[in-house]
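Visitor:
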Amino acid sequence: MSPSDACSTPSTPGSRSSQRRMASRADELRVRSRPPIASTSRSGSGTPMAELAGMDAGEIFAFLKDVMEREFDISPEEIRLESDFVEDLDMDSIDAVDLAVAVEEELGVQFETDDLTGLQVMRDVVDLIERKRAGIGG
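FYI, the numbering for the sequence shown is 5 to 142, going by our numbering.
1. Compare the C-alpha of S87 against each of S97, V101, K69 and D102 and name the closest.
2. Quick one: which unbroken alpha helix (DSSP H) runs of 4-plus residues sit fully inside the region 88–142? Chain order, please.
3. First and last residue of the alpha helix (DSSP H) that includes G62?
4. When the Cα atoms are used, what is the spatial distance from D96 to E55?
5. If you compare alpha carbons, which of D131, G122, A106 and T117 is closest to F76?
6. May I have the straight-line CA-CA distance separating D92 from T117, to the nearest angstrom?
7. Which same chain residues, not among the five before or five after G113, have their C-beta less than 7 Å away from its C-beta?
8. Should E110 go down as buried or exposed, given a rule of 16 or more other Cβ atoms within 10 Å for buried?
9. Tell me the rounded alpha-carbon separation between Q124 and V90.
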């Protein structure tokens, strides 16, 4: 299913996606502060881009699994590189945007709308972040 299909497929009121969205909105109402991942940067520079530059594909995937668990209440055991966002993880286009925003905020990477088109499985996001990382400083 393409991202545009996900946009046209409303989540049912009892679906995990709609429940996550309602819980996410409730969390937004509570003022919460989440320290950026860069605060524990291995490079010591304390900047998100420095953190991203030091990450390999496995670390990027682990980071994404952490974000998915925290933001969408999806168990890390459910998430594989080939997990389909819609079919396997019950995510929709709003969830995809929320994931992109979380990655942008925590790693300091900027996505263009075209970057997000066609992302279907977790590996696609890891590959996208690696491409963004490769563009850092060069």
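C-beta atoms are modelled at their ideal positions from N, C-alpha and C, and glycine is treated no differently.
Guide: Working from what's here:
1. K69
2. 97–111, 117–120 and 126–138
3. A61 to F76
4. 28 Å
5. A106
6. 23 Å
7. The displayed chain sequence assigns Val, not Gly, to residue 113. The answer, listed in chain order, is L56, V107, I133 and K136.
8. buried
9. 8 Å
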